[in-house]
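Below: one structure, written as structure tokens.
What follows is the structure in structure tokens.
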């Protein structure tokens with residue numbers, strides 16, 4: 001879906017290497033991936049997400065930090081004048097398969 005407006009959120013202090021893939025985490029908190037644009041990683045602790053304003057932005061700000069590994073995680077819109085680094089790594093917006101049998105064993 002094309003968005004007329006978008007918000008860039010910065011996720012800081014997250015252990016992104018040991019967290020579930022961000023598309024999976026977003027789906028788990030109820031975010032429709034059609035409302036998410038690019039995800040850019042700046043190292044293993046910081047990511048930038050382009051999301052739709054309103055409901056999607058609020059869900060990410062409220063819930064994303066709780067689903068990621070790490071302490072002191074913050075999720076907030078970029079400050080005016082702040083930009084996403086050009087040399088970050090772009091992530092594919094695909095939910096990765098999770099072994100359902102493994103999930104059932106844990107229950």
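Numbering (full-length UniProt numbering), first residue to last: 1 to 107. Glycine included, C-beta positions come from ideal geometry on N, C-alpha and C.
Could you tell me whether the stretch 52 to 70 touches the stretch 5 to 21, using the rule of 3 or more Cβ pairs below 8 Å?
The stretch 52 to 70 vs the stretch 5 to 21: in contact.
Hey, could you find the ends of the alpha helix (DSSP H) residue 53 is sitting in?
As a first step, residue 53 is located in the chain shown; it is residue number 53 there, counting from the start. From DSSP, residue 53 is part of no alpha helix (DSSP H); its letter is neither H nor E.
Note down, one range per segment and in chain order, each alpha helix (DSSP H) of at least 4 residues found wholly within the stretch 2 to 51.
List check, alpha helix (DSSP H) in window: 22 to 28.
Going straight from the alpha carbon of residue 59 to that of residue 48, what length do you get?
In the chain shown, counting from the first residue as 1, residue 59 sits at position 59. In the chain shown, counting from the first residue as 1, residue 48 sits at position 48. If you take the alpha carbons of residue 59 and residue 48, they lie about 15 Å apart.
Measuring straight from C-alpha to C-alpha, what distance separates residue 36 and residue 87?
Position 36 of the chain shown, counting from 1, holds the residue named residue 36. Position 87 of the chain shown, counting from 1, holds the residue named residue 87. The straight-line gap from Cα to Cα measures roughly 20 Å.
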